[in-house]
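Residue numbers (the working numbering): 29 to 186.
Cβ coordinates follow ideal geometry from the N, Cα and C atoms, glycine included.
The model shown is predicted, which means the values in this text are computed figures rather than measured ones.
Written below as structure tokens is the structure these notes are about.
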């Protein structure tokens, strides 16, 4: 597998579009297109930006294509982190007492919606939003927000 194919594989496995991936590793969007098409080879700086943003990717795989993309322990650790807290194992049949639900320590604020309003919203409708202005510096605008999760994943909002 060529390095351009490995970079395509990274983009696909993390669920990015090429432009989102370029923004994530802080490179020009055109460089992703040139590298994945095989027109250009990635520079050392480009590869280091990938490795810095995704430290779980093994150098040997990224450079030479040898071995697995991620460490096996990293993969199993990610799976256990992803699954922990999302599922409660079935109680022992001999123990009929109900277990208390496992609570996540994330702070979430409930969004008050009536049942009618909730049913009226569908995927094809644009959701409403509330604009909040920072009065201390009105000339500054937010460019990007990145949420980093404990399981090693992240979300980028532009």
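Query: DSSP-derived helix/strand/coil call for residue 36; Result: helix
Query: Residues bridged to residue 85 [DSSP beta-bridge criterion]; Result: 98
Query: Coarse secondary structure for residue 74, derived from DSSP in three states; Result: helix
Query: As assigned by DSSP and simplified to three states, the class of residue 48; Result: helix
Query: Residue 31 beta carbon less than 8 Å from that of residue 70; Result: yes
Query: Residue 59 versus residue 50: straight-line alpha-carbon distance, rounded; Result: 8 Å
Query: Inter-residue CB distance, residue 63 and residue 35 (contact presumed, cutoff 8 Å); Result: 6 Å
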